[in-house]
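Quick note on numbering: my numbering labels position 133 of the sequence shown as 133, and the sequence is numbered without any gaps.
Glycine is no exception: its CB is placed at the ideal position from the N, C-alpha and C atoms.
See structure below.
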Amino acid sequence: MANRQLTFSIFRYNPHTPEIKPRMQEYRLEELPGMTMFVALNKIREEQDPTLMFDFVCRAAICGSCAMLINGKPRLACKTLAKDLPARITMFPLPVFKLIGDLSVDTGTWFRHMSLKTEAWVHSNKQFDPAKPEDRMDNETALKIYEAERCIECGCCIAGCATANIREDFLGAAGINRIARFMVDPRDERTGEQYFEIMGTEEGAFGCVGLMACDDNCPMQLPLQMQLAFVRRKMAAVGWKYKPQAV
Ligand code: SF4
Ligand code: FES
1 MANRQLTFSI FRYNPHTPEI KPRMQEYRLE ELPGMTMFVA LNKIREEQDP
51 TLMFDFVCRA AICGSCAMLI NGKPRLACKT LAKDLPARIT MFPLPVFKLI
101 GDLSVDTGTW FRHMSLKTEA WVHSNKQFDP AKPEDRMDNE TALKIYEAER
151 CIECGCCIAG CATANIREDF LGAAGINRIA RFMVDPRDER TGEQYFEIMG
201 TEEGAFGCVG LMACDDNCPM QLPLQMQLAF VRRKMAAVGW KYKPQAV
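Now the structure itself:
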């Protein structure tokens, strides 16, 4: 049986040449066995159009840089197989993030802002003593931290999120997952009130409207709604008693 002919309709726009308006451009390719969208895009760039912009680093669903909207869904190009898609494939850059050009967006600035806002480091006043043996952590806690740390910062949860698409200050599922990671870490000495200042707002855990697109779209299958429920419960418990500082 002959291989399928695929038609790619790809968003094109370069912010450095604003006189050329955004448009869709079509390319045709023969489907190859095991072809991923990453392979298809590289073939298009090598054989048909060297000006096409898109990102990748690892090709193995590790670096998070190849996320884009494929047939309307945020997905990793290197993990999405042509055989799972119809013969006509549309590609857009992820919304929410700043467009670099065509399918390439700047997720780094967003994730840096989120990391600074959530103060994504262990807060401890303990003095480091190199002569002391390491503190042990129980396996269950270590696994919870490891689970949250599996986020590859691809941005799929943010791009598919209704709140993040209308509120640019929303920390989204990735931010909530990040703060959950520190809340379970016994080395982090932050109080409930300190976490509430970051997450007890509409920018944080209370901005989610519960459509659960983050859970559907995360390529790492992180339990994002569970993390949201965990952070919300903690914030609700603190919020009964705590009066947030006036801004
Ligand atoms: Fe990507 Fe999942 Fe991390 Fe969101 S939580 S950035 S979808 S890996
Ligand atoms: Fe790294 Fe796709 S190229 S996740």
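(Q) What I want to know is whether the C-beta of Ala82 ends up closer than 7 Å to one or more non-hydrogen atoms of the ligand FES. (A) If you check the C-beta of Ala82 against the ligand FES, you find no heavy atom less than 7 Å away.
Q: Would you list the one or two residues that DSSP bridges to Leu6?
A: Answer by DSSP bridge pairing, in chain order: Leu29.
Q | Best match in Glu46, Ile44, Phe38, Lys43 for proximity to Asp55 [C-alpha to C-alpha] | A | Ranking Glu46, Ile44, Phe38, Lys43 by Cα distance to Asp55 puts Phe38 first.
(Q) Here's a check: name, in chain order, each residue in its chain whose Cβ is nearer than 6 Å to the Cβ of Gln48, leaving out the five neighbours to either side. (A) Within its own chain, the residues whose Cβ lies closer than 6 Å to the Cβ of Gln48, once the five positions on either side in sequence are excluded, are Tyr27, listed in chain order.
Q: Using only alpha-carbon positions, find the residue among Val209, Asp102, Ala159, Leu85 that is nearest to Ile20.
A: Sorting Val209, Asp102, Ala159, Leu85 by C-alpha distance to the C-alpha of Ile20 places Asp102 at the top.
Q: Excluding the 5 residues preceding and the 5 following Gly192 in the sequence, name in chain order all residues of the same chain whose CB lies nearer than 6 Å to its CB.
A: Sequence-distant partners of Gly192 (beyond 5 residues in either direction) whose C-beta falls short of 6 Å from its own C-beta, in its chain, are Val238.
Q) Anyone know if the C-beta pair for Ser115 and Asp188 falls short of 8 Å? A) No; because the gap between Cβ atoms is not below 8 Å, this pair is not in contact.
Q. Nearest to Ile44 by CA position, among Gly34, Thr7, Phe196, is which residue?
A. Selection Gly34, Thr7, Phe196 evaluated against Ile44 yields Thr7 as nearest (Cα-Cα).
**Q.** Nonlocal neighbours in the same chain, by C-beta distance under 8 Å from Cys78, ignoring five residues either side
**A.** So the qualifying residues of the chain are Thr36, Met37, Phe38, Phe56, Cys58, Arg59, Ala60, Ala61, Cys66.
Q: Identify the continuous alpha helix (DSSP H) that holds Ala40 and give its terminal residues.
A: Counting along the chain, Ala40 sits inside the alpha helix (DSSP H) bounded by residues 37-47.
Q. Can you list, in chain order, the residues of its chain whose CB lies under 6 Å from that of Gly200, leaving out five sequence neighbours each side?
A. The residues are Met235, Gly239.
Q.
DSSP has Ser104 in a bridge; who is on the other side?
A. Gly101.
Q. Who does Ala67 pair with in a DSSP beta bridge?
A. According to DSSP, which records beta bridges pairwise, Ala67 is partnered with Leu76.
Q: Just jot down, in chain order, the residues whose CB lies closer than 7 Å to any heavy atom of the ligand FES.
A: Every residue passing the under-7 Å Cβ criterion appears here: Phe38, Phe56, Val57, Cys58, Arg59, Ala60, Ala61, Ile62, Cys63, Gly64, Ser65, Cys66, Leu76, Ala77, Cys78, Lys79, Ile152, Cys154.
Q.
Less than 8 Å between the C-beta atoms of Ala174 and Ile158, yes or no?
A. Closer than 8 Å, so yes.
**Q.** Proximal residues to Asp215 (C-beta, below 6 Å), its chain only, five neighbours per side dropped
**A.** Closer than 6 Å at the Cβ level, and outside the excluded window around Asp215, lie Leu224, Gln225.
**Q.** One or two residues paired with Ile166 in a DSSP bridge
**A.** None, per the DSSP bridge assignment.
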